[in-house]
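Written below as structure tokens is the structure these notes are about.
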Amino acid sequence: MCRRVGKAAMKIAVAFMLLLLILPLAGQEAEPGPKHMLGGELGFLLQPFGFDDPYSWSLGGRAFYELHELFEPFLLFFGVNVSLYGYYPLDDNFAESFMLQGGLYVGYDFVVRVDEKFALSIAPYLGYSHYYREFEFAEQTYQAFRSVAVVGVNVDLYIDRNFLLGLRVEFELLVENEPLLALGQSERVGFRF
């Protein structure tokens, strides 16, 4: 089961990469405006599919910075983020756990202007992150370090071109002996300058 999920996730990641390479050829032109974005997110990361995890799904936050319109006139963007998630144990042998994760991503911004004040952005992205996780089992502390391939989409509403409210949905493929796939979702707020 895990192997099939891992292969399907890799196919999705490859399709997204090809989409990100082809989309700039469509030629949607950028409007002049703020190129930098700084913001925060609150969200959760579900337990990996097909894995009997002794922890509940996580709750946490993320800070991000994005640089938009990397190659004018195309709407490519580059982002950097750092997140912290907490986990609650479902098994009495485990104690609470936390995960610190940092990453990089690149995406393409589809922007539809609703009117003078509002614009809707749908932005698929592809990224890489690395996490540090600490947990306690049978009164001993353990650490884990893993690479994570990320495929996701941001759906944002720009207000006055400077503020954003949005939603992020992403699949995280944890690189293990048997790859694990997890789904994450968060609400975003940010400021463009």
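Residue numbers (the working numbering): 20 to 212. Virtual Cβ for every residue (Gly too), placed ideally from N, Cα, C.
Do L200 and F68 count as a contact pair if the criterion is CB distance below 8 Å?
Position 49 of the sequence shown, counted from the start, is the residue given in the question as residue 68. Position 181 of the sequence shown, counted from the start, is the residue given in the question as residue 200. Yes, they are a contact pair.
- Task: Use the C-beta contact count for V208: other C-beta atoms within 10 angstroms, 16 or more gives buried, fewer gives exposed.
- Result: Here residue 208 corresponds to residue number 189 of the sequence shown, with the count starting at 1. The C-beta of V208 has fewer than 16 other C-beta atoms within 10 Å across all chains shown, which makes the residue exposed.
Would you mind stating whether F137 and Y177 have Cβ atoms separated by less than 8 Å? Locating residue 137 in the sequence shown gives position 118, where the first residue counts as 1. Locating residue 177 in the sequence shown gives position 158, where the first residue counts as 1. Pairing F137 with Y177 gives a Cβ-Cβ distance under 8 Å.
Next on the checklist: So, with DSSP's three-state summary, where would you put A34?
Outcome noted: On the sequence shown, residue 34 is found 15 positions in, with the first residue counted as 1. In this structure, A34 counts as helix in the three-state DSSP scheme.
Thinking C-alpha only, which one of I31, A34, K30 and G58 is nearest F212?
As a working mapping, residue 212 is identified with position 193 in the sequence shown. Comparing alpha-carbon positions, the option among I31, A34, K30 and G58 lying closest to F212 turns out to be G58.
Cβ separation of V170 and F156, assumed to be a contact under 8 Å, to the nearest whole Å
One-based indexing of the sequence shown puts residue 170 at position 151. One-based indexing of the sequence shown puts residue 156 at position 137. So it is not a contact: roughly 31 Å between Cβ atoms.
Just to confirm, are S116 and G79 a CB contact at a threshold of 8 Å? Against the sequence shown, residue 116 aligns to sequence position 97. Against the sequence shown, residue 79 aligns to sequence position 60. Not in contact: S116 and G79 (Cβ atoms no closer than 8 Å).
- Could you have a look at N173 and say whether DSSP puts it in helix, strand or coil? Numbered from 1 along the sequence shown, position 154 holds the residue referred to as residue 173. Taken through DSSP and simplified to helix, strand or coil, N173 comes out as strand.
Give the range of the beta strand (DSSP E) segment to which Q204 is assigned. Indexing the sequence shown from 1 puts residue 204 at position 185. For Q204, the enclosing beta strand (DSSP E) starts and ends at L199 to R211.
Original post:
Going straight from the alpha carbon of G121 to that of D134, what length do you get?
Top reply: Counting from 1 along the sequence shown, the entry for residue 121 is found at position 102. Counting from 1 along the sequence shown, the entry for residue 134 is found at position 115. When rounded, the distance between both Cα atoms is 36 Å.
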